[in-house]
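One structure is given here, and the rest of the page talks about it.
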Amino acid sequence: MANKPVADSRRGTQARLGALREPGRAGIVSLAAALVPVLLICLLATPIYPMSPDEQVQQLYASGRFLGAGQQLLMPYSLVTFSAPISALYALLPAVPWYALALLGLVVASFAVAWDKTLRSRMSGRLCVPTLALLVALEVISTLYLTYTIVAFLAVGAGLMLVLGRAAFDSPGGAHATDVAGMALVAAGYSLRPESGLAAIVVFAPFAVWVLVRNRNAGSIARGVIVVALVGVCAFAGRFAYDHTSGWEGYSAYLDAGRSALDYPDLPTEAVQAVEPALSDNDVDVLYNWLFADDGVFGTEFFERLGQRVDHLGLSNLASSLRAKTTYLLVGLVALVGLYAWALVRDLGEGRGALAAGIVLMLLASCGVLILRARVRLHVVIPLVAMGVFALVSLAGGSERPVGRHAAPATTRAASPCPVPLAAACVVLALAVSGGFWLKVARPLATRSTSPTIVAARAYVDENPDQLVVFGRSQTLMFAGTNALAFEAWDWPDNMLPIGGWENHTAPWASFLARWGIEGNDVLQQLPERSDMVAVLQPKKMELIRTYLSEHSGREVEASVVQDLGPGAADPSVDVYVYRFTYAS
Numbered sequence: 011m012a013n014k015p016v017a018d019s020r021r022g023t024q025a026r027l028g029a030l031r032e033p034g035r036a037g038i039v040s041l042a043a044a045l046v047p048v049l050l051i052c053l054l055a056t057p058i059y060p061m062s063p064d065e066q067v068q069q070l071y072a073s074g075r076f077l078g079a080g081q082q083l084l085m086p087y088s089l090v091t092f093s094a095p096i097s098a099l100y101a102l103l104p105a106v107p108w109y110a111l112a113l114l115g116l117v118v119a120s121f122a123v124a125w126d127k128t129l130r131s132r133m134s135g136r137l138c139v140p141t142l143a144l145l146v147a148l149e150v151i152s153t154l155y156l157t158y159t160i161v162a163f164l165a166v167g168a169g170l171m172l173v174l175g176r177a178a179f180d181s182p183g184g185a186h187a188t189d190v191a192g193m194a195l196v197a198a199g200y201s202l203r204p205e206s207g208l209a210a211i212v213v214f215a216p217f218a219v220w221v222l223v224r225n226r227n228a229g230s231i232a233r234g235v236i237v238v239a240l241v242g243v244c245a246f247a248g249r250f251a252y253d254h255t256s257g258w259e260g261y262s263a264y265l266d267a268g269r270s271a272l273d274y275p276d277l278p279t280e281a282v283q284a285v286e287p288a289l290s291d292n293d294v295d296v297l298y299n300w301l302f303a304d305d306g307v308f309g310t311e312f313f314e315r316l317g318q319r320v321d322h323l324g325l326s327n328l329a330s331s332l333r334a335k336t337t338y339l340l341v342g343l344v345a346l347v348g349l350y351a352w353a354l355v356r357d358l359g360e361g362r363g364a365l366a367a368g369i370v371l372m373l374l375a376s377c378g379v380l381i382l383r384a385r386v387r388l389h390v391v392i393p394l395v396a397m398g399v400f401a402l403v404s405l406a407g408g409s410e411r412p413v414g415r416h417a418a419p420a421t422t423r424a425a426s427p428c429p430v431p432l433a434a435a436c437v438v439l440a441l442a443v444s445g446g447f448w449l450k451v452a453r454p455l456a457t458r459s460t461s462p463t464i465v466a467a468r469a470y471v472d473e474n475p476d477q478l479v480v481f482g483r484s485q486t487l488m489f490a491g492t493n494a495l496a497f498e499a500w501d502w503p504d505n506m507l508p509i510g511g512w513e514n515h516t517a518p519w520a521s522f523l524a525r526w527g528i529e530g531n532d533v534l535q536q537l538p539e540r541s542d543m544v545a546v547l548q549p550k551k552m553e554l555i556r557t558y559l560s561e562h563s564g565r566e567v568e569a570s571v572v573q574d575l576g577p578g579a580a581d582p583s584v585d586v587y588v589y590r591f592t593y594a595s
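Numbering (our numbering), first residue to last: 11 to 595.
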């Protein structure tokens with residue numbers, strides 16, 4: 011009798027879980043479950059843009075505030091099929107943070123799909139509850155660490171889940187609303203960041219083989235063809251828009267060449283000089299400190315030649331990857347996804363082991379590519395692991411009735427209910443992981459906004475409107491710690507120019523230089539020529555630029571401190587200064 015209340019409690023818990031998994035309720039429950047974490051984070055912690063300045067630059071282009079250039083309809087890292095609708099929304103209601111809301115909306119939509127597919131799946135309660143807890147942790151992390159790279163992965167993955175829900179294992183029949191929604195998510199995610207979209211598709215690639223070998227249904231194959239065609243249309247539209255929009259004509263070539271040269275470990279100085287003998291040792295240091303802004307020295311043609319010397323995928327990059335802690339985090343998380351795949355196959359008890367193995371294999375291959383490219387970054391590790399989970403959840407889908415000659419008998423969802431202690435442990439673990447990520451990663455980023463150096467930098471720019479203030483990879487002082495929603499209230503100063511990115515081949519850059527009477531695109535070499543130009547730099551970077559200016563002008567250049575702004579927000583051990591460069595008399 012003493013155990014009866016416990017048994018009744020367990021039966022009640024199982025009944026509630028079963029009720030949530032009913033087809034009529036799963037959709038509403040999934041939407042609510044995906045919406046609540048995002049709302050709570052926005053109210054309590056606020057989502058932070060971690061990849062400064064890229065995220066802020068994206069939002070500034072979308073809203074037309076970057077360099078005060080107005081609406082462009084184009085963004086530097088997203089295709090026109092994403093940027094044009096967002097820009098149109100800004101034109102309609104400019105005070106609304108549409109870019110941040112779009113990212114948050116895609117996060118909610120993606121995890122709502124993942125929740126729905128999990129609840130409707132054929133996995134038992136014993137595995138369903140841990141999966142839901144894992145999804146909660148991933149959503150919290152993705153919202154706290156809000157970056158378009160992660161969101162693009164999630165949107166494409168969720169879109170493929172919707173398409174595969176009817177196409178992977180069954181005969182899908184005619185077009186359905188879920189097909190349209192899925193393809194819309196794929197298009198949105200791929201357009202947001204094409205590289206992320208392609209990486210997500212790679213993880214789901216085993217489903218294409220499954221459909222061709224096992225399902226062999228014309229409707230399923232047609233859906234795959236449409237997805238590929240849709241991605242191709244987005245890619246073509248994006249490239250066409252860049253190449254045929256005034257002021258952007260050379261941007262895509264410059265971006266591609268620059269990334270092929272600089273998105274990998276630094277080459278030895280001698281190797282760079284073999285590509286361009288005119289470069290000095292200091293020029294190479296300027297390049298790899300991302301202080302390049304002069305087309306006459308670091309132009310598209312130079313980057314194209316340099317990129318040909320870079321080892322884009324090879325063992326030479328392995329040493330750099332092995333020095334990064336995120337490499338070991340990635341390997342550990344992929345191993346856990348492999349264990350999850352093993353548990354899922356055992357739980358389903360049917361012949362989908364080959365498909366699960368294919369998903370894990372593609373995840374391992376993606377992991378290997380990242381390591382051999384030395385591109386193991388947290389904002390890539392998080393969504394890559396999420397894609398493994400999304401793909402495996404899709405594996406547990408399909409109708410309750412076996413379809414095709416090779417299908418094994420289906421198992422029922424109630425075959426193995428989730429024990430209450432396991433459910434409680436999953437909840438505690440999800441909360442611990444989410445809280446730990448906030449404490450160790452998100453919170454330190456948010457506290458940077460209180461740095462007195464940031465306040466001093468913003469004050470200097472505001473108080474000196476007649477000076478053109480050049481930020482040499484220090485523009486994060488103007489952005490740091492600003493939450494994604496509040497950033498919309500910040501207006502770009504008319505006298506601020508950031509260098510060290512790919513924006514110097516876009517229309518806003520050209521119009522800004524024209525307003526300040528700077529001809530050509532050799533901004534750095536204007537510093538000693540004009541008394542109304544100053545630069546915000548750390549001492550080491552100041553010396554690099556001073557030497558660069560001396561070497562390229564043939565005259566001795568001096569740098570004087572205008573103001574000490576205080577310790578750096580990211581590195582408090584080094585102060586940041588406002589410098590004025592002049593020719594020695």
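C-beta atoms are modelled at their ideal positions from N, C-alpha and C, and glycine is treated no differently.
For a test of the three-state rule: what should DSSP assign to residue i, helix, strand or coil?
| i | result |
| --- | --- |
| residue 9 | Coverage of the chain is limited to positions 11 through 595, which leaves residue 9 absent and any answer about it impossible. |
| residue 516 | coil |
| residue 79 | coil |
| residue 586 | strand |
| residue 528 | coil |
| residue 324 | coil |
| residue 158 | helix |
| residue 240 | helix |
| residue 397 | helix |
| residue 133 | coil |
| residue 85 | coil |
| residue 576 | strand |
| residue 507 | strand |
| residue 292 | helix |
| residue 64 | helix |
| residue 178 | coil |
| residue 347 | helix |
| residue 196 | helix |
| residue 389 | helix |
| residue 427 | coil |
Which residue or residues does DSSP assign as beta-bridge partners of residue i?
| i | result |
| --- | --- |
| residue 493 | 58 |
| residue 544 | 479 |
| residue 592 | 568 |
| residue 304 | 532 |
In its own chain, which residues sit with a C-beta less than 7 Å from the C-beta of residue i, not counting the 5 before and 5 after it?
| i | result |
| --- | --- |
| residue 355 | 362, 363 and 366 |
| residue 203 | 87, 88, 158, 159 and 162 |
| residue 353 | 137 |
| residue 610 | This structure does not reach residue 610, given that the chain is present from 11 up to 595, and the question cannot be answered. |
| residue 515 | 260, 261 and 264 |
| residue 216 | 365, 368, 369 and 372 |
| residue 384 | 274, 275, 327, 330 and 331 |
Buried or exposed: which applies to residue i, given that a residue is buried once 16 or more other Cβ atoms fall within 10 Å of its Cβ?
| i | result |
| --- | --- |
| residue 238 | exposed |
| residue 324 | exposed |
| residue 184 | exposed |
| residue 414 | Bear in mind that the predicted position of residue 414 carries a pLDDT of just 46, short of 50, making it unreliable; the figure below should be weighed with that in mind. Looking at its Cβ environment, which holds fewer than 16 other Cβ atoms inside 10 Å, residue 414 is exposed. |
| residue 389 | buried |
| residue 254 | exposed |
| residue 149 | buried |
| residue 381 | buried |
| residue 103 | exposed |
Which same chain residues, not among the five before or five after residue i, have their C-beta less than 6 Å away from its C-beta?
| i | result |
| --- | --- |
| residue 565 | 593 |
| residue 310 | 263, 264 and 267 |
| residue 433 | 139 |
| residue 486 | 62 and 63 |
| residue 141 | 128 |
| residue 570 | 590 |
Cutting at 8 Å between CB atoms, please list the residues of its own chain near residue i, excluding the five before and the five after it.
| i | result |
| --- | --- |
| residue 387 | 336 |
| residue 300 | 272, 483, 510 and 511 |
| residue 146 | 43, 47, 440 and 444 |
| residue 568 | 556, 591, 592, 593 and 594 |
Looking at residue i and the ligand HEM, is the gap between the Cβ and the nearest heavy atom below 7 Å?
| i | result |
| --- | --- |
| residue 358 | Although the ligand HEM was asked about, the structure shown includes no ligands whatsoever. |
Taking 8 Å as the threshold, find out whether the region 216-224 comes into contact with the region 112-123 through three or more Cβ pairs. no
For the 8 Å Cβ check, are there 3 or more pairs between the region 179-192 and the region 69-78? no
Any contact of the region 452-465 with the region 532-544, i.e. 3+ C-beta pairs under 8 Å? no
Using 8 Å as the Cβ pair cut-off and three pairs as the minimum, do the region 544-557 and the region 338-351 touch? no
Decide if the region 468-480 is in contact with the region 61-70; the criterion is three or more beta carbon pairs, one per stretch, under 8 Å apart. no
Inspect the CB distances between the region 90-97 and the region 229-249 and report whether three or more fall short of 8 Å. Yes, the region 90-97 touches the region 229-249.
For the region 166-173 against the region 200-219, are there 3 or more C-beta pairs whose distance is under 8 Å? yes
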